[in-house]
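Colleague:
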Amino acid sequence: MNLHLLRGHDLRPPSRSTSVTPVAVPETPNSSQNGTTAEPVRKKALAFPVGPETREFYRRFYPDATKTEWNDWRWQLRTRVRTLAELDRIFVLSDDERSAVGHHSGSLPVGITPYYASLMGREDANEPLRRTHVMVGEEYVRLPGEEDDPLSEDHDTVVPGLVHRYPDRVLFLTTGTCSTYCRYCTRSRLVGNPGGEYQFNVRNWDKAFDYLEQHKEVRDVLLSGGDPLTIGDDKLDYLLGRLRRIKHIEFVRIGTKAPVVMPQRVTKDLVKMLKKHHPLWMSIHFTHPTELTPEVTESTARLADAGIPLGSQTVLLKDINDNAATMKTLVHGLLKRRVKPYYLYQCDPIKGSGHFRTSVDAGIEIIRSLRGHTTGYATPMFVIDAPGGGGKILMAPDSVVGRDGDDLLIRNFEGKVYRYPDPQGTLGRETVPLAAE
Ligand code: SF4
Numbered sequence: 002m003n004l005h006l007l008r009g010h011d012l013r014p015p016s017r018s019t020s021v022t023p024v025a026v027p028e029t030p031n032s033s034q035n036g037t038t039a040e041p042v043r044k045k046a047l048a049f050p051v052g053p054e055t056r057e058f059y060r061r062f063y064p065d066a067t068k069t070e071w072n073d074w075r076w077q078l079r080t081r082v083r084t085l086a087e088l089d090r091i092f093v094l095s096d097d098e099r100s101a102v103g104h105h106s107g108s109l110p111v112g113i114t115p116y117y118a119s120l121m122g123r124e125d126a127n128e129p130l131r132r133t134h135v136m137v138g139e140e141y142v143r144l145p146g147e148e149d150d151p152l153s154e155d156h157d158t159v160v161p162g163l164v165h166r167y168p169d170r171v172l173f174l175t176t177g178t179c180s181t182y183c184r185y186c187t188r189s190r191l192v193g194n195p196g197g198e199y200q201f202n203v204r205n206w207d208k209a210f211d212y213l214e215q216h217k218e219v220r221d222v223l224l225s226g227g228d229p230l231t232i233g234d235d236k237l238d239y240l241l242g243r244l245r246r247i248k249h250i251e252f253v254r255i256g257t258k259a260p261v262v263m264p265q266r267v268t269k270d271l272v273k274m275l276k277k278h279h280p281l282w283m284s285i286h287f288t289h290p291t292e293l294t295p296e297v298t299e300s301t302a303r304l305a306d307a308g309i310p311l312g313s314q315t316v317l318l319k320d321i322n323d324n325a326a327t328m329k330t331l332v333h334g335l336l337k338r339r340v341k342p343y344y345l346y347q348c349d350p351i352k353g354s355g356h357f358r359t360s361v362d363a364g365i366e367i368i369r370s371l372r373g374h375t376t377g378y379a380t381p382m383f384v385i386d387a388p389g390g391g392g393k394i395l396m397a398p399d400s401v402v403g404r405d406g407d408d409l410l411i412r413n414f415e416g417k418v419y420r421y422p423d424p425q426g427t428l429g430r431e432t433v434p435l436a437a438e
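In my numbering, the protein residues as written are 2 to 438.
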């Protein structure tokens with residue numbers, strides 16, 4: 002066993018792609034370990050890689066940015082693409098995109114980190130990642146069944162930013178800021194609106210801490226938002242430490258997209274701080290295999306090496322990731338990066354999301370194409386978060402065919418039916434028995 006890895010002195014994973022040359026730049030001017038001057042080899046080990054296409058992009062569109070700036074998450078956040086003019090500078094916009102962006106006001110603005118923009122199709126308006134972040138006219142069409150708050154989170158909000166729906170766990174909305182704004186966001190009503198969204202402030206956090214101290218049934222806190230990793234290390238450290246001091250809270254999770262859209266956020270200082278607050282888990286929002294870059298290999302490796310169990314959350318999106326081949330490439334790539342594909346979500350019916358939503362059948366078919374056909378760890382749970390606050394409901398291909406006397410008849414991944422002796426069981430009684438093969 003490699004003890005220096007265990008001590009966290011080298012955050013790089015054991016093996017790397019050799020096709021990408023890391024840019025040998027420290028993340029920050031003070032990135033040396035333990036306050037000592039790092040030797041050249043050490044600096045190289047801590048450098049963040051820059052993929053070849055991304056490097057070409059940033060030299061073309063951000064020629065004045067230094068490598069240090071590009072690899073600084075604060076620069077990425079500050080320099081987000083926010084306006085029609087900035088979009089126009091980088092992308093060949095369609096008339097529809099230009100008009101939709103021009104008409105936008107309120108929450109969920111355009112916001113794309115330069116790094117994430119580098120992964121998008123510049124000329125193709127139908128490129129998957131671009132579709133998820135650049136608005137189009139369909140976003141202004143509200144279809145029947147669509148709501149501003151489809152999961153009724155506001156109804157279950159007990160103090161500002163704290164949603165208590167399930168008995169033993171809460172959702173803690175830490176901030177209204179994200180590093181990028183996804184056009185299908187469930188919290189589109191809350192995020193990115195400088196005029197009225199839920200904003201970080203210590204007073205609100207204090208109300209949440211008071212509530213949590215009084216509610217001893219809460220053992221699990223999910224930090225979300227907005228994106229908690231847009232908060233600086235010191236405030237995040239305070240928040241986690243404060244939660245850790247509440248004895249009945251056993252478990253804290255962070256829901257984030259930052260390691261994917263702003264992987265530079267995963268600095269050695271961040272992981273060092275997070276390690277103090279175990280048990281800490283992380284759910285990372287992935288959408289498409291294009292996101293599996295050398296930068297993301299690095300950010301997930303740093304988190305995994307810090308002992309943080311990683312799971313993915315993916316929203317099923319029409320003509321973006323709603324086919325078996327794309328999803329299989331994604332889940333295999335996640336496993337290679339030590340991220341367990343955890344949830345595949347049916348897209349929530351927020352207003353203006355009709356062009357993103359598939360039929361539920363499409364999700365079931367994807368699960369059918371994965372289960373049994375590939376590693377069990379690679380198959381996420383396909384869920385619908387029930388509109389109206391019903392919580393997550395697992396959707397799965399039917400495996401129970403029926404019952405024949407004492408035998409339960411069950412279907413395998415190839416569609417073949419088998420018998421399982423189950424004399425005390427009742428499952429399958431109500432279905433019409435079929436002959437087993
Ligand atoms: S990162 Fe998450 S919270 Fe932020 S816009 Fe995307 S889906 Fe919404």
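By construction, the Cβ of each residue, glycine as well, lies at the ideal position given by its N, Cα and C atoms.
The structure presented is a predicted model; accordingly, all values stated were derived computationally and were not measured.
Am I right that L311 and T301 are in contact with their C-beta atoms under 8 Å? What's the rounded C-beta distance?
Modeller: Correct: roughly 6 Å between the Cβ atoms.
Colleague: Mind reading off the beta-carbon distance from R170 to D97? Whole number of angstroms is fine, and I expect it under 8 Å.
Modeller: With 8 Å as the limit, R170 and D97 do not qualify as a contact, their Cβ atoms being about 41 Å apart.
Colleague: Which two residues bound the contiguous beta strand (DSSP E) that contains P422?
Modeller: Per DSSP, P422 belongs to the beta strand (DSSP E) from 418–422.
Colleague: Run the proximity test for G227: is its beta-carbon closer than 7 Å to any non-hydrogen atom belonging to the ligand SF4?
Modeller: Flag set: Cβ of G227 near the ligand SF4.
Colleague: Return the CA-CA distance between R75 and D207, expressed in angstroms with no decimal places.
Modeller: For R75 and D207, the distance between alpha carbons rounds to 26 Å.
Colleague: Roughly how many angstroms lie between the CA atoms of L345 and R61, to the nearest whole one?
Modeller: The straight-line gap from Cα to Cα measures roughly 36 Å.
Colleague: At a cut-off of 7 Å, is Y141 close to the ligand SF4 when judged by its beta-carbon and the heavy atoms of the ligand?
Modeller: Y141 Cβ: outside cutoff for every heavy atom of the ligand SF4.
Colleague: My understanding is that G112 touches T294, with C-beta atoms under 8 Å, so please give their C-beta distance in whole angstroms.
Modeller: So it is not a contact: roughly 19 Å between Cβ atoms.
Colleague: Does Y182 pass the burial test, meaning 16 or more other C-beta atoms within 10 Å, or should it be called exposed?
Modeller: Answer is buried; the Cβ neighbour count reaches 16.
Colleague: Counting Cβ pairs closer than 8 Å, one from the stretch 113–133 and one from the stretch 328–337, do we hit at least three?
Modeller: At 8 Å Cβ cutoff, the stretches do not touch.
Colleague: What number of angstroms, rounded off, separates the C-alpha of P350 from the C-alpha of I385?
Modeller: Rounded to whole angstroms, P350 to I385 spans 10 Å at the Cα level.
Colleague: Which word fits D407, buried or exposed, when buried means at least 16 other C-beta atoms lie within 10 angstroms of its C-beta?
Modeller: Under this definition D407 is an exposed residue.
Colleague: Going by the DSSP bridge assignment, what does M382 pair with across the sheet?
Modeller: According to DSSP, which records beta bridges pairwise, M382 is partnered with Y344.
Colleague: Is M263 helix, strand or coil by DSSP?
Modeller: In the structure shown, M263 sits in coil (DSSP, three-state: anything other than H, G, I, E or B).
Colleague: With H, G and I counted as helix, E and B as strand and the rest as coil, what does DSSP make of L428?
Modeller: In this structure, L428 counts as coil in the three-state DSSP scheme.
Colleague: Over the uninterrupted beta strand (DSSP E) stretch that includes M283, give me the two end residues.
Modeller: Residues 281–286.
Colleague: From K273 to E415, what does the alpha carbon distance come to, in whole angstroms?
Modeller: Answer to the nearest angstrom: the Cα atoms are 46 Å apart.
Colleague: Pick helix, strand or coil for A209, following the three-state DSSP scheme.
Modeller: Here A209 sits in helix by DSSP.
Colleague: Whose CA, out of N413, F287, L163, lies closest to the CA of L223?
Modeller: Among N413, F287, L163, the Cα nearest to that of L223 is on L163.
Colleague: Any idea if E28 is buried or exposed, counting beta-carbon neighbours within 10 angstroms, 16 or more meaning buried?
Modeller: Summary for E28: the model assigns pLDDT 29, below 50, so the residue's position carries little reliability, and this model does not support an answer.
Colleague: What do you reckon, are the CB atoms on S108 and L174 nearer than 8 Å?
Modeller: No, the Cβ-Cβ distance between S108 and L174 is not below 8 Å.
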